[in-house]
Amino acid sequence: MIRAIYPGSFDPVTYGHLDIIIRGAALVDELIVGVLNNNAKTPLFSAEERVRMLEEVTGNLSNVKIIPFEGLLIDFAEKMDAVMVIRGLRAITDFENELKMAQTNHKLSPKVETAFLTTSLEYAYLSSTVVKEVAYFGGDISQFVPENVKCKIQEKIIKKESVHQ
Ligand code: ADP
């Protein structure tokens with residue numbers, strides 16, 4: 047039984063993430079999408095909101111589970127009994143950081159391997175940050191995120207604007 051973890055912030059989940067989830071889930075018995083709850087970052091969505099959106103968009107994938115976590119990825123992997131970490135690689139800019147992280151994690155726990163899936167070409171440019179920027183300025187984000195996520199971003203932005211007025 048191969049259980050893998052696909053960790054990230056998913057603030058919010060995009061079609062780029064979903065592509066990695068679908069392709070990753072096809073390679074392993076169980077894929078756990080680990081939603082990082084990092085107090086040092088100020089996400090647009092709470093961990094609970096990010097988990098819920100991911101659950102909504104992966105409901106049709108029977109071997110995918112969404113679980114929030116805090117702290118070291120390797121501790122989470124060990125707790126979940128996972129032997130593999132899956133990460134997506136978009137461009138050369140992702141590479142340096144990902145390499146450092148994978149090697150550090152391997153030092154911390156040699157049992158856990160990191161596997162990289164290269165992004166599908168149509169999502170190579172896509173990031174949660176870009177999606178949020180486009181949405182803030184009123185741009186159409188339908189091609190970047192699923193419909194439920196689009197609605198949640200728009201609600202959040204309207205709420206933020208009303209607080210700042
Ligand atoms: P982090 O906070 O770790 O950067 P993200 O939520 O931005 O988390 O991304 C989680 C993972 O998904 C990372 O491995 C990242 O490289 C990958 N990823 C993000 N966007 C895309 C995309 N458009 N195509 C493929 N992989 C992606």
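Numbers given in the numbering used here equal positions in the sequence shown, counted from 1, plus 46.
A virtual CB, placed ideally from N, CA and C, is assigned to each residue, including glycine.
Proximity test, residue i beta-carbon vs ligand 1 heavy atom, cut-off 7 angstroms
i	result
F183	no
D140	yes
S55	yes
R98	no
R136	yes
D186	no
I112	no
Start-to-end residues for the beta strand (DSSP E) that takes in residue i
i	result
I68	Here I68 belongs to no beta strand (DSSP E); instead the alpha helix (DSSP H) covers 61 to 71.
I113	110 to 115
M47	No beta strand (DSSP E) holds M47; DSSP gives it neither H nor E.
Neighbourhood of residue i by C-beta distance below 8 angstroms, restricted to the same chain and skipping five residues each side
i	result
S188	K196
Q200	A181
G184	none
L163	I66, R69, G70, I132, R133, G134, L135
D198	This sequence places Lys at residue 198; Asp is not what is there. P58, F91, E95, M99.
V177	P58, T60, I187, F190, V191, I199
For residue i, the first and last residue of its enclosing alpha helix (DSSP H)
i	result
L167	Looking at the DSSP string, L167 is not in any alpha helix (DSSP H), and its letter there is neither H nor E.
L145	138 to 154
Same chain only: Cβ atoms within 6 angstroms of residue i, ignoring 5 sequence neighbours per side
i	result
I51	I78, G80, A123, A128, V131
A137	none
E102	N194
E116	N83
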